[in-house]
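To convert a position in the sequence shown, counted from 1, into the working numbering, add 317. All residues carry an ideal CB built from backbone N, CA and C; glycine is no exception. Some notes on the structure that comes next.
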Amino acid sequence: MRILNRLVVVLVLAIAALPLVAAQALVAVNERYQKEEELHQALESAVSHYQSGLHYSSALRRSEREIEETEERLPVLARRKRETRLQLSAVRETLQAIKAEHGIDPADEEYMRELLADGEKQLQTFIRFLHIRNVTDGGEGGSALLRQYLLLSLGERTEQDMRNRAMLRARARFLNIIATAQQFQELEHTLRGEYEELAGEYLALLERNELAYQRLHASASNQAEIQRIVAEVQGEIMKMQSELARIDARIRRQSERDLIEKGIIETKEGAYNDGAIVGDPAGLSWPAVGRISAGFLDAAYRSFFGV
C-alpha cells in the first residue's frame with residue numbers, strides 16, 4: 318500500500334512538473350530551430366560559393382591553356398611576319414631601282430601593259446626588217462654581191478651588223494626588264510597581302526593573349542575571394558554546429574535538473590548537474606566539518622555536495 322501511494326505521489330509530481338519542463342523545452346527547441354535555419358542557409362551559401370569557385374577554377378584553367386597556346390604561336394607568327402617584311406622590303410627596293418634606272422613605274426599597270434605591247438611590236442618589226450634585209454642581201458646572182466661590194470665597204474657592213482645586233486639585244490633586254498618589273502610588282506602585291514594577313518593574325522593573337530591574362534587575373538582574384546568567403550562560411554557553420562550542440566546539452570541538462578528537483582530521478586555519481594545541490598540542504602552548514610574541516614575528500618562533504 319505504501320509503495321502504491323509513493324508511486325501515485327511520484328506520478329502527480331511528474332505531471333505537475335511537465336508544464337514547466339515543456340515550456341522550457343519549447344523555448345530551447347525554438348532557439349534550436351532558428352539555429353538550424355541559419356545553419357541551412359549557411360550551408361546553401363557555402364554550396365553556392367563552392368560551385369562558383371568551381372566555375373572560376375574551370376575559367377582559370379581555360380585561360381591558362383589559352384595563354385599557353387597563344388604564347389606558343391606568337392613567336393612563330395612573329396618570325397614569319399619578319400621574314401615576309403624583309404622579302405617585301407627587298408622587292409620594293411628592286412622596283413625603286415628599276416624605276417630610277419629605266420624611268421618606268423611598275424606600279425602603273427596600264428602603262429606597263431602598253432609599254433610591253435609597244436616594245437614587243439617594235440621588236441617584231443625590227444626582226445622582220447632584219448629578216449627581209451638578209452633575204453635581199455642573200456639573193457642569187459653576182460650582181461647582188463657586186464652591188465653590196467660597191468655600196469658598202471667591209472668595215473661599214475660589219476659596223477652596221479654590230480649596231481643591228483646591239484639594237485636587237487637592247488630591245489630584247491628592255492622587254493625582259495618590263496617583264497621582270499611586272500613579275501616583281503605581282504610579287505610585291507602577293508607579299509604585301511601575306512604580310513597584312515600575318516600582321517592581322519599576330520595582332521588578333523596578341524589581343525587574345527592579353528585578354529586571357531586579364532581573365533586569368535580576374536579568375537584568380539575571384540577564386541581567392543570565394544575561397545575567403547567559403548572559409549568564413551565554414552567558420553560560421555562550425556560555430557552554429559557548436560551552438561546547436563550547446564543548445565542540445567542545455568535542453569538535456571535542464572530536463573534532467575527539473576526532474577532531479579522534482580525527485581523523479583536521482584543524480585548519478587559524478588554526473589554533471591550544472592551546480593545544482595542534490596539532496597536535502599537543511600542539514601548543510603558551512604564550513605563542512607569532518608575529520609578535516611572543509612576537506613574536499615571528506616565523506617560529509619561528498620554526501621552534501623555530491624562531488
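Per DSSP, what kind of secondary structure is residue i in: helix, strand or coil?
{"i": "Lys-556", "result": "helix"}
{"i": "Arg-579", "result": "Checking the sequence, you will find Lys at residue 579 rather than Arg. Lys-579: coil per DSSP, three-state reduction."}
{"i": "Asp-565", "result": "helix"}
{"i": "Asp-435", "result": "helix"}
{"i": "Gly-420", "result": "coil"}
{"i": "Tyr-512", "result": "helix"}
Looking only at C-alpha atoms, which of the options sits nearest to residue i?
{"i": "Tyr-530", "options": "Arg-570, Arg-390, Ser-380 and Ser-375", "result": "Ser-380"}
{"i": "Glu-511", "options": "Glu-553, Ala-395 and Leu-528", "result": "Ala-395"}
{"i": "His-419", "options": "Ile-494, His-506, Ala-376 and Leu-377", "result": "Ile-494"}
{"i": "Tyr-519", "options": "Leu-391, Lys-416, Leu-561 and Leu-412", "result": "Leu-391"}
{"i": "Glu-426", "options": "Lys-438, Ala-489 and Gln-499", "result": "Gln-499"}
{"i": "Ile-384", "options": "Ala-562, Asp-575, Glu-524 and Lys-556", "result": "Glu-524"}
{"i": "Arg-382", "options": "Arg-563, Glu-573, Lys-579 and Leu-528", "result": "Leu-528"}
Apart from the five residues on each side of it in sequence, which residues of its chain come closer than 7 Å, Cβ to Cβ, to residue i?
{"i": "Gln-404", "result": "Leu-508"}
{"i": "Val-408", "result": "Phe-501, Leu-504, Glu-505 and Leu-508"}
{"i": "His-534", "result": "none"}
{"i": "Leu-522", "result": "Thr-387, Arg-390, Leu-391 and Leu-394"}
{"i": "Val-327", "result": "Low confidence applies here, because Val-327 scores a pLDDT of 42, under 50, leaving its location unreliable and the question unanswered by this model."}
Using a Cβ-Cβ cutoff of less than 6 Å, which residues in the same chain neighbour residue i once the five nearest sequence positions on both sides are dropped?
{"i": "Asn-526", "result": "Thr-387"}
{"i": "Gln-544", "result": "none"}
{"i": "Lys-416", "result": "Asp-422"}
Give me, in chain order, the residues of the same chain whose beta-carbon lies closer than 8 Å to that of residue i; leave out the 5 immediate sequence neighbours on both sides.
{"i": "Leu-515", "result": "Leu-394, Arg-397, Lys-398 and Thr-401"}
{"i": "Leu-412", "result": "Pro-423, Ala-424, Ala-498, Phe-501, Gln-502 and Glu-505"}
{"i": "Tyr-428", "result": "Ile-421 and Asp-422"}
{"i": "Arg-480", "result": "none"}
How close, in whole Å, do the beta carbons of residue i and residue j come, if the pair is a contact with beta carbons under 8 Å?
{"i": "Glu-376", "j": "Arg-532", "result": "Correcting the residue identity first, residue 376 is Ala in this sequence and not Glu. Their Cβ separation, rounded to whole angstroms, is 6 Å, which keeps Ala-376 and Arg-532 in contact under 8 Å."}
Using a Cβ-Cβ cut-off of 7 Å, state whether residue i counts as contacting chain C.
{"i": "Ala-434", "result": "Protein chains in the displayed structure number just one, and chain C is not present."}
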